[in-house]
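Q: Numbering (my numbering), first residue to last: 16 to 145.
1. In the DSSP assignment, the alpha helix (DSSP H) including residue 77 goes from what residue to what residue?
2. Looking at residue 123: is its Cβ nearer than 8 Å to the Cβ of residue 63?
3. Give the range of the alpha helix (DSSP H) segment to which residue 45 is assigned.
4. Using only CA atoms, which one of 78, 135 and 49 lies nearest to residue 107?
5. Which class does residue 132 belong to by DSSP, given the choice of helix, strand or coil?
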């Protein structure tokens, strides 16, 4: 991985983390609903991170075009699941859907950074320009 890529990934992850922390501080009351929403967001975010890492690692072994189809399909599935959860949490007053969305978003951007690293390592390993 190039030094520029590493710097960009670190800056992106730190920037998103700061935005999420600011969003949580400004938009979320740290009551039981806010903490529950953040906890669910963190748990599902970690699950998404683990599944996404495994899928991306396996997808690049199939070649670049199948890997990109799998990655785009994964983005679509996550979008549908996230939208469904947000709509469902909106109807449950004991869960703060904003806290859920902000914390889940943090893990999503960490996964995007990890996917970039995995694809770049694959491209470098095959002698293609990264």
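Note that CB positions come from ideal geometry on N, CA and C, so glycine has one too.
A: On the basis of the supplied data:
1. Run containing residue 77: none; DSSP gives neither H nor E here.
2. yes
3. Counting along the chain, residue 45 falls outside any alpha helix (DSSP H), and DSSP gives it neither H nor E.
4. 49
5. helix
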